[in-house]
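Participant:
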Amino acid sequence: MRLIARTTFVAAVAVPLTLVAPGLVSAAEPTDVSYAFEVSGSTVSNTITNDSGSVLVCTTSLAPAPDGVLPPVEEVMRGGQTLFASGEVHPGGATQTVTEVPDGTYVVLASCATTDGEPAMWVSDYPGVEEVLQAFPATAFTVQDASQIVTVPSAPTPPAPAVPDLLSLLGSGSAEQAVPWLQP
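Those letters in the sequence shown? Residues -27 to -1, 1 to 157, by mature numbering (1 follows the signal peptide of the UniProt record, and there is no 0).
#1: Check whether the stretch 67 to 86 and the stretch 30 to 46 touch, using three or more Cβ-Cβ pairs below 8 Å as the test.
#2: Would you kindly work out how many angstroms separate the C-alpha atoms of V62 and A86, rounded to a whole number?
#3: For A(-1), which option in V12, D40, G26 and G77 has the closest C-alpha, if you only look at C-alpha atoms?
#4: For my contact list, A119 and N19 are in at a C-beta cut-off of 8 Å; report their separation, rounded to the angstrom.
#5: Which same chain residues end up closer than 6 Å to T88 when comparing Cβ atoms and leaving out the 5 residues on each side of it in sequence?
#6: Within 10 Å of its beta-carbon, does Q121 have 16 or more other beta-carbons around it, so buried, or fewer, so exposed?
#7: Within 10 angstroms of the Cβ of A93, are there 16 or more other Cβ atoms? Answer buried if so, exposed if not.
#8: From what residue to what residue does the beta strand (DSSP E) around G52 run?
#9: Alpha carbons only, please: which of G14, E91, D98 and S97 is nearest the one belonging to P110?
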């Protein structure tokens, strides 16, 4: 009799738990991650918001975008990136910074992936990236914060040396000093 009572109790508790348990484990959502890119001098920053409830591994990378035009996604993925920052991003978020970026025009790419549990990844939207993501065995989301083109400015050009106004110097007698060939 005890065995039947115990089995009935376990079944009575287990059935509701199986209905509730999937809701206890948070499934990845497209809006769990967002990116915000910014340029300051030769530094490109990406502020990552992580609302997934999990620790993520994220990468912010730069690929050349000649003349401010997005290169084909295959070219960007195949070429790899040498300018990047990568690391863990805990729930809440963090900022990744790529420093000492050479002058030029780049596309900023960002991606985050879960490190445990159900595999999921979030990639900044880019034309053609959805086809590439189909090759991965994880749930993949394109983040609405699209990969954007940024220009890292060159150093300011120093001002040209001042050229004396020769006409004003002619009447003052200083023209002979400013322009040696005018001297008698």
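Note that beta-carbon positions come from the ideal geometry of N, C-alpha and C, so glycine has one too. Because the structure is a prediction, the values reported are computed rather than measured.
Facilitator: Based on what the coordinates show:
#1: yes
#2: 10 Å
#3: G26
#4: About 13 Å; that fails the 8 Å criterion.
#5: V28 and V30
#6: buried
#7: buried
#8: Counting along the chain, G52 falls outside any beta strand (DSSP E), though it belongs to the alpha helix (DSSP H) covering V46 to G52.
#9: E91
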